[in-house]
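Student: Below: one structure in structure tokens.
Protein chains in written order, with full-length UniProt numbering: chain A, 1 to 252; chain B, 1 to 219; chain C, 1 to 225.
Below, the structure written as structure tokens:
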């Protein structure tokens, strides 16, 4: 295993104030320029793990290393501006146009609004959107378009790391497949370190160079490539989780 | 009809007076209540206490307050400052609750996204929370505006004149037309202020007023 | 002389409390007027709101009644006094008119907030419309209705004070008459009394409302908005 590059979670645990154990002693790495898929049912702590990276969640114990540096030593606001983040519903600001949404982080970082907009327009093209939608508000976009704008916004400050929290869960299956293909294409061009959270094992296999499967209660069941998980499931939980996924995709 | 023509100047004079007396409490009440409500929302205890505070403030009857304030503020009873202070108190009372609800109604996922993008507290307040609470805040301000414009007239009972002057004079002279003209003029001012606020809302918050289109095809 | 000592002096003077124009009589009068006004308001507003809220019909009534709030209370008091003559009927009508909106709005939203799924399910298992209203919608809306009644009641108490520029009784007499003869200790004392009365009523009803809300078994039936 390459040390120091990408993101490394080191024995992290998180218990919320209401007593819920979200993550229980998990160690896993996301390799640089690769996609790590965190997959599990609800309550498996996958989103909590993701949010530890940009310090939206602070672990009770353990550390998160980014390029070898403990992120607890970093200023959370600066850190967050340097990491791209895509949410399930796009998380777009309803009061800003498409273009200004994409330009948000560069402007926060001090780029002149005019320059940020020029760059935003290029990104619009890169994520496969028409330039004509630049002055619309998020409410005037379809779900798929909103997700694409979300991806463009996450890329705007040219971050090394992209965090994606079930970004395609709310769109219909055909659009979802479309967006997944686009993401693969984009990733082959830009080569970011991506952490992708999903509850859908097929999506995890399709997009992840490496897949980390989590159990309810926030423990790690198995890490490996899709091939490794399918051919050598660590235990019956992993086998049944994969099977359920296969059954579902056959039914579709 | 004759009365209307003869007293045109006086009606205008009192209408202007009425508007001047109304503007200040509406603005000041909003400026005080909005940040206060946002701060109080941070904690359960402070949030519930502003609800009690606004209820109690609003329960203070206007006429007794207008009589009590000069004694507290050491002003003359005819000083318009008294009615301005009283109306500002009512504006704050209405606005505190409605601003608190407005900030609570913001979609938490948008706040989450703003945090994740690295908005600082101030930038988040001005660029995300304030605009997103905007339409509900505006609804609150419109209620404040209508209530203030109606309450200004109570000042006439203690001699601070507005269109309320015509209500009392019309009653004393047993002359209904004068009263109805006063009522109509007051309602017109309320309508005017309301329209101005609505236009401000449309200009300042264009994202609330675009036609919502759903394009399934170009996903 | 200090404001508060002046106030207390007037309130503390036993002779001010006695007689036909004394504080005791005026206080009772004020509460009688206010309670009567509140009762009439509820009798009109609550059934109307039930009808609108339950059947979703005649929804236009709500904005129309809300628009009435834009009319100045003082103006309506003088105008109706000239129409209906002296006595308490004119102020009573005006006050009912201004007290209906808060009660109507609160009752309506309380009832409309009961989730469609709940009412639909009840209808499906054979509840009549009346039974749905009586067994689910009204109990669910009860805390909201109390809230509406609370704000209507304090408003009514305040407006009966203002109405004293007409020849009616109540505590407002002391204010208006005191103003005419420049008797400041009487004005201050009575102001203090009305403010205290109004706040006491408000806080008392707030406590009742919160207690009921906390113990309401029906809250889970409302849709989260």
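Positions of the beta carbon are idealized from the N, C-alpha and C atoms, including for glycine.
All values reported here derive from a predicted model rather than from experimental measurement.
Can a CB atom of chain B be found closer than 7 Å to the CB of residue 253 of chain C?
Tutor: Past the edges of chain C, shown from 1 to 225, lies residue 253 of chain C, and the structure says nothing about it.
Student: According to DSSP, is residue 85 of chain A part of a helix, a strand, or is it coil?
Tutor: strand
Student: Residues in the same chain with beta-carbon distance under 8 Å from residue 110 of chain B, minus the five sequence neighbours each way, listed in chain order, please.
Tutor: For residue 110 of chain B, where only same-chain residues beyond five positions count, the Cβ hits under 8 Å are 128 and 132.
Student: On a CA-only basis, which of B/54, B/79 and B/55 is nearest residue 66 of chain B? Give me that one, please.
Tutor: B/79
Student: Using alpha carbons as the reference points, say which of A/8, A/15, A/42 and A/33 lies closest to residue 165 of chain A.
Tutor: A/42
Student: Would you kindly work out how many angstroms separate the C-alpha atoms of residue 230 of chain A and residue 205 of chain A, rounded to a whole number?
Tutor: Rounded to the nearest whole angstrom, the C-alpha separation of residue 230 of chain A and residue 205 of chain A is 10 Å.
Student: State the start and end residues of the unbroken alpha helix (DSSP H) segment that holds residue 182 of chain C.
Tutor: Counting along the chain, residue 182 of chain C falls outside any alpha helix (DSSP H), and DSSP gives it neither H nor E.
Student: If you draw a straight line from the alpha carbon of residue 180 of chain A to that of residue 114 of chain A, how long is it in whole angstroms?
Tutor: Taking the straight line joining both Cα atoms gives about 31 Å.
Student: When the cut-off is 7 Å and only beta carbons count, does residue 63 of chain B lie next to chain C?
Tutor: Taking a beta-carbon distance threshold of 7 Å, residue 63 of chain B counts as an interface residue toward chain C.
Student: Roughly how many angstroms separate the alpha carbons of residue 240 of chain A and residue 110 of chain A, rounded to a whole number?
Tutor: 50 Å
Student: Tell me, please, whether the CB atom of residue 70 of chain B is closer than 7 Å to any CB atom in chain C?
Tutor: no
Student: Examine chain A for any beta-carbon lying closer than 7 Å to the beta-carbon of residue 12 of chain B, and answer yes or no.
Tutor: no
Student: In chain A, which residues lie less than 9 Å from residue 42 of chain B when you measure between Cβ atoms?
Tutor: Residues of chain A passing the Cβ test: none, with the nearest at roughly 16 Å.
Student: Closer than 7 Å by beta-carbon distance: list the chain B residues that pair up with residue 170 of chain C, in chain order.
Tutor: Near residue 170 of chain C there are no residues of chain B at all, since even the closest Cβ is about 11 Å away, more than 7 Å.
Student: Going by other Cβ atoms of all chains shown within 10 Å of its Cβ, with 16 needed for buried, is residue 16 of chain C buried or exposed?
Tutor: buried
Student: Is the shortest distance between the beta-carbon of residue 144 of chain B and the beta-carbons of chain C less than 7 Å?
Tutor: no
Student: Could you give the DSSP three-state label for residue 55 of chain A: helix, strand or coil?
Tutor: coil
Student: Would you say residue 28 of chain A lies against chain B (beta-carbon separation less than 7 Å)?
Tutor: no
Student: Just the C-alpha distance for residue 192 of chain A and residue 204 of chain B, rounded to the nearest angstrom, thanks.
Tutor: 38 Å
Student: If we count the other Cβ atoms within 10 Å of its Cβ and call it buried at 16 or more, is residue 28 of chain C buried or exposed?
Tutor: exposed
Student: Can you list the residues of chain A that residue 201 of chain B reaches, using a CB-CB cut of under 7 Å?
Tutor: None at all; the shortest Cβ gap to chain A is about 13 Å.
Student: How is residue 163 of chain C classed by DSSP in three states: helix, strand or coil?
Tutor: helix
Student: Contact criterion: CB-CB distance below 7 Å. Does residue 105 of chain B meet it with respect to chain A?
Tutor: no
Student: Against residue 202 of chain C, what residues of chain B qualify as contacts under a CB-to-CB distance less than 7 Å, listed in chain order?
Tutor: 55, 56 and 59
Student: Compare the beta carbon distance of residue 150 of chain A and residue 68 of chain A with 7 Å and say whether it is the shorter of the two.
Tutor: no
Student: If you measure from the beta carbon of residue 67 of chain B to each beta carbon in chain C, is any gap under 7 Å?
Tutor: yes
Student: Relative to the C-alpha of residue 108 of chain C, which residue among C/160, C/122 and C/143 is closest?
Tutor: C/143
Student: Quick one: what does DSSP say residue 31 of chain A is sitting in, helix, strand or coil?
Tutor: The answer is coil: DSSP assigns residue 31 of chain A none of H, G, I, E or B.
Student: Name the residue from B/158, B/139, B/94 and B/125 whose alpha carbon lies nearest to the alpha carbon of residue 81 of chain B.
Tutor: B/158
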